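Engineer: Input: one structure, supplied below.
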Amino acid sequence: MVKFKEDWYKLYHVHYQQYPDDCIENIYWLEKAAQADFCNPQFTDAKITTEKEWEKYRYLFQMHINLKLIEQHLRLGRTYDKKCIYFYDAPWKDEYLRNMEKALSCYKAGLYYWQEAKVWQEKANSASFNFLFITAKQNWEDERERIAEGKLDYEKMLNREIERLEKNIKELNEMDKKY
1 MVKFKEDWYK
11 LYHVHYQQYP
21 DDCIENIYWL
31 EKAAQADFCN
41 PQFTDAKITT
51 EKEWEKYRYL
61 FQMHINLKLI
71 EQHLRLGRTY
81 DKKCIYFYDA
91 PWKDEYLRNM
101 EKALSCYKAG
111 LYYWQEAKVW
121 QEKANSASFN
131 FLFITAKQNW
141 EDERERIAEG
151 KLDYEKMLNR
161 EIERLEKNIK
171 ELNEMDKKY
C-alpha cells in the first residue's frame with residue numbers, strides 16, 4: 001500500500017529514453033510524495049537516531065523532491081520546445097506556438113518548485129544543523145550545499161529558457177503563414 005512520502009518517492013524513476021508520458025507520470029508520483037506524510041523514522045532509507053537528524057532528513061527530503069520536480073518539468077518542457085525558429089517554419093506556426101506554450105508553462109512551473117526547494121534548503125542549512133550530516137543521503141546533502149554556494153541555480157537556467165522561448169514565440173508570431 002502506497003501511503004507515505006517515501007513510498008510515493010519509490011515510484012519515481014527515470015527511463016533512458018524518457019517520453020512526455022513518463023515525465024507526467026513522474027511528476028504525478030513526486031507531487032503525491034510532496035503532499036504525503038513521512039513514514040516512521042525507523043522505516044526510512046537513512047539511519048535516524050535523534051530528533052535533530054529526523055528534522056534535517058525531512059527538510060532535505062522536501063528539498064530533493066522539489067529539485068526532482070524541476071528536473072521533470074525541464075525534461076517535459078524540452079520535448080515541446082522549439083530551440084530555433086527558421087523562415088521555413090511558417091506553415092506550422094500554429095502547431096509550434098501551441099507546443100511552445102506548453103513548454104513555457106512547464107518552465108514556469110519549474111520556477112515555483114525552485115522557490116520551494118530554496119525554502120527547504122534554507123531550513124536544512126540552518127546553524128542548528130552545523131556538523132550534522134545525513135550520510136546515508138549524501139547526494140541530498142550535496143544538493144543542499146550546492147544551492148547554498150550558488151553552484152546549483154535552477155532559477156537562472158529556467159529564466160534563460162523562458163526568455164529564449166518568449167523571444168522565439170514573438171519571432172514566430174511576427175512571421176507570415178507562408179514562406
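Per full-length UniProt numbering, the sequence shown runs over residues 1 to 179. Cβ atoms here follow ideal geometry from the backbone N, Cα and C, with glycine treated the same way. Predicted model, so just to flag it, every value in this text is computed and none were measured.
(1) Near residue 97, what residues of its chain come up, given a Cβ to Cβ distance below 8 Å and the 5 sequence neighbours on each side ignored?
(2) Ignoring anything shorter than 4 residues, give me the alpha helix (DSSP H) runs that lie fully in the segment 69-115, in order along the chain.
(3) Assuming the contact rule is C-beta atoms closer than 8 Å, residue 100 and residue 80 should be a hit. Round their C-beta distance to whole Å, please.
(4) According to DSSP, simplified to helix, strand and coil, what is residue 128?
(5) Return the CA-CA distance between residue 176 and residue 13, expressed in angstroms with no decimal places.
(6) Would you check if the distance between the CB atom of residue 159 and the CB atom of residue 116 is smaller than 8 Å?
(7) Can you list, in chain order, the residues of its chain whose CB lies under 7 Å from that of residue 154, leaving out five sequence neighbours each side?
(8) Can you give me the C-alpha to C-alpha distance between residue 11 and residue 87, rounded to a whole angstrom?
(9) Do residue 162 and residue 104 have their beta-carbon atoms positioned less than 8 Å apart in this structure?
(10) Does the distance from the C-beta atom of residue 9 to that of residue 33 stay below 8 Å?
(11) According to the neighbour-count rule (16 or more other Cβ atoms, all chains shown, within 10 Å of its Cβ), is residue 132 buried or exposed?
(12) Assuming residue 59 and residue 123 form a contact by the criterion Cβ under 8 Å, report the distance between their Cβ atoms to the nearest whole angstrom.
(13) Identify, in the order they occur along the chain, each residue of the same chain with its Cβ nearer than 7 Å to the Cβ of residue 48, setting aside the five sequence neighbours on each side.
(14) Measure from the alpha carbon of residue 38 to the alpha carbon of each residue in 61, 52, 95, 25, then state which is nearest.
(15) What span of residues does the alpha helix (DSSP H) with residue 1 cover, start to end?
Structural biologist: According to the structure data:
(1) 169, 172, 173
(2) none
(3) Between residue 80 and residue 100 the Cβ distance is about 7 Å, and since that is below 8 Å, they are a contact.
(4) Of the three classes helix, strand and coil, the one that applies to residue 128 here is helix, per DSSP.
(5) 42 Å
(6) no
(7) By the criterion of a C-beta distance shorter than 7 Å, residue 154 is surrounded in its chain by 70, 110, 114, once the five residues flanking it on both sides are discounted.
(8) 43 Å
(9) yes
(10) The answer is yes: Cβ separation under 8 Å.
(11) exposed
(12) 4 Å
(13) 41, 54, 57
(14) 61
(15) Per DSSP, residue 1 belongs to no alpha helix (DSSP H) and is neither H nor E.
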